[in-house]
Amino acid sequence: MVRVVENGAVMPIRPCPAASLQERRRKGPPGLSQHNVRHGFASRIAETTGNLRIVQQVLGHVRLTSTEVYVHPSRAELERAVAAIEGRVAL
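Right, dumping it as structure tokens:
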């Protein structure tokens, strides 16, 4: 995973130590995990940009197939796609 800083540089984000993650799980909402946050983050970037290559770079993946696993279209996106095919709305 990477973050973009003010000057436009891309900096790697290091994963949290296991002990820190365990503490966050105890204190955080049920079902919240680094894994779930990563999936949600990837899906939001994909929904916002419509560009899977951007998601790939942000997550730091070499292969696009790795990125595809993290991106899940929302129900609203699926409904818009079907409506567009049926000629009801434009994507």
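166 is the number of the first residue of the sequence shown in this note's numbering; add one for each residue after it.
Idealized CB from N, CA, C, for every residue including glycine.
Nothing here was measured: the structure is a model prediction, and the numbers come from that model.
Which residues in the same chain have their Cβ closer than 6 Å to the Cβ of residue i, if we skip the five residues on either side of it in sequence?
{"i": "residue 233", "result": "none"}
{"i": "residue 198", "result": "none"}
{"i": "residue 221", "result": "229 and 232"}
{"i": "residue 235", "result": "204 and 207"}
Residues in its own chain within less than 8 Å of residue i by CB, not counting five upstream and five downstream?
{"i": "residue 218", "result": "229"}
Just mark residue i as buried or exposed, buried being the case when its beta carbon has 16 or more other beta carbons within 10 Å.
{"i": "residue 210", "result": "buried"}
{"i": "residue 249", "result": "exposed"}
{"i": "residue 247", "result": "exposed"}
{"i": "residue 223", "result": "buried"}
For the ligand NAP, is there a heavy atom less than 8 Å away from the beta-carbon of residue i?
{"i": "residue 188", "result": "Because no ligand of any kind appears in the structure shown, any question about the ligand NAP cannot be addressed here."}
Skipping 5 residues on each side, what residues in its chain have a beta carbon closer than 7 Å to that of residue i?
{"i": "residue 242", "result": "212"}
Measure the beta-carbon distance from residue i to residue j and round it to whole angstroms, keeping in mind my assumption that it falls under 8 Å.
{"i": "residue 204", "j": "residue 237", "result": "7 Å"}
Can you give, in chain order, each stretch of the alpha helix (DSSP H) that sits fully within the segment 202-236 and has at least 4 residues?
217-224 and 229-233
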